[in-house]
Amino acid sequence: MKVVAPGKLLLAGAYAVLDGAPALVVAVDRRAIADGDAVAKSPTPEVLAAVAAAEAPEVDASALRDGAFKLGLGSSAALLVASLGVVYARQGRDLRAKDVRDALFAEARRAHSSVQNGGSGVDIAASVYGGALAYTLASGELADVRPVALPAALVVDVFWCGAPAVTTGMRARVDALRGRDAGVYAARIDAIARASRDAIAAAEADDLPAFVAAEQAGGEALAALGRDADSPIIPSALGGLLRLAAEDGAAFLPSGAGGGDVFVHLGADAASPRFTAAATAASMRRVTMKLDSDGVRIAP
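For our numbering, add 67 to where a residue sits in the sequence shown, where the first one is 1.
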C-alpha cells in the first residue's frame with residue numbers, strides 16, 4: 068500500500084494568514100509517496116511528533132525537491148500527511164471521507180506546529196484536502212478551509228530560484244518589524260490581507276482581470292513588507308520581474324514567505340519569451356506542475 072500527499076503553492080495571503088487573514092493555496096501534482104510496506108530509516112521530526120518510529124513508513128519526497136534542495140512546495144507537510152495517511156489506512160479509515168480528513172488535518176497540524184514553533188497550517192490543508200482552498204485561521208488550532216475554483220482561463224507558471232528560503236529567518240525579521248513599529252507592520256499586513264481577499268473574491272466570480280490585479284497588489288505589498296522589515300522577501304535581483312510581468316498583464320510573486328524557493332507567474336497566458344529570458348538571466352528556471360484535485364489518498 069502506498070499513500071500520496073500533494074505539495075502546495077501559496078497564491079495569496081503570505082504572512083497575513085498568521086494574523087487571521089484568508090489565504091489562497093493550491094495543491095500541486097508534485098507529491099510525497101509513503102510506502103506502507105517499508106519502515107522509515109530516518110523519520111523527520113514532524114513525522115515522529117505524530118507517528119511512532121516503528122510505524123513510520125518510508126516516504127519518497129524527491130518530487131518536491133531539486134536534488135539536495137527543497138523547492139518550497141511544503142515538503143515537510145506533505146511527507147507528514149502521507150505518513151499519517153498510511154497509519155489511518157492501516158486502521159481501515161477511508162482517506163476520502165471528510166471526517167477522516169478533518170481528523171488527519173488536525174493531527175498533522177498539531178505535530179507540524181509543535182516541531183516548527185507555530186505556522187499557519189496552510190500547507191497541511193493543501194496536502195490533506197487538495198484542490199484550491201481559501202484558508203483562514205480560527206481560534207486555537209481550528210481553521211476554516213473551503214474549496215474555491217480558480218478563474219477558468221488562469222495560466223500558472225512556476226519558477227524556481229535555485230536556492231531554498233529559510234522561512235523561520237524571514238518570519239523573525241517580520242516579527243521584529245512588528246516589535247519596533249507596530250503601525251507600519253499593521254499597514255503592510257493589511258495590504259497583503261486586502262489583496263488576498265480580493266483575489267479569492269475574484270476567483271469565485273471567475274473574474275481573471277480582477278484576480279490578476281489582486282495578485283499584482285499582493286506582490287507589491289509583499290515587496291513593501293520586505294523593505295520595511297529589511298528582509299529579502301523579494302530579492303533585489305527579482306524586483307524587475309514584477310514590473311515585467313505587470314507590463315505583460317500578469318502578476319509575479321513568491322509562493323509563500325519569499326527569499327528563495329518558488330515564485331508564481333499568474334495571467335491569461337504563459338510567461339512571455341522576454342519574461343522567461345529575464346527570469347533565466349536572474350538564475351531562475353521554470354518548474355512544471357499542475358493542480359492536484361484529490362488531496363491525500365491511497366495510490367492506485
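Beta carbons: idealized from backbone N, C-alpha and C, even for Gly.
- Within the segment 112 to 164, complete beta strand (DSSP E) segments of at least 3 residues are found at 124 to 127, given in chain order.
- Three or more pairs of CB atoms, one per stretch, sit closer than 8 Å, so the segment 284 to 294 contacts the segment 317 to 334.
- The segment 334 to 348 makes contact with the segment 220 to 234, as at least three CB pairs between them are under 8 Å.
- In its chain, beyond the 5 residues on either side, A79, I259, A262, S263, A266, L320 have a beta carbon closer than 7 Å to the beta carbon of G285.
- By DSSP's assignment, D224 forms a beta bridge with H332.
- By a beta-carbon distance limit of 8 Å, V279 contacts L333. Their separation comes to about 6 Å.
- Pairing S150 with L209, the inter-Cα distance amounts to about 22 Å.
- A straight-line Cα-Cα distance of about 27 Å links A254 and S180.
- Taking the Cα positions, P231 is about 28 Å away from V212.
- DSSP places Y196 in the helix class (H, G or I) of the three-state scheme.
- In the DSSP assignment, I301 falls outside any beta strand (DSSP E) and carries neither an H nor an E.
- Between the C-alpha atoms of A337 and I191 there is a straight-line separation of about 28 Å.
- Each of M68, K108, L204, V93 was checked against the Cα of V154, and the nearest Cα belongs to M68.
- Per DSSP, the continuous alpha helix (DSSP H) segment holding V251 begins and ends at 249 to 271.
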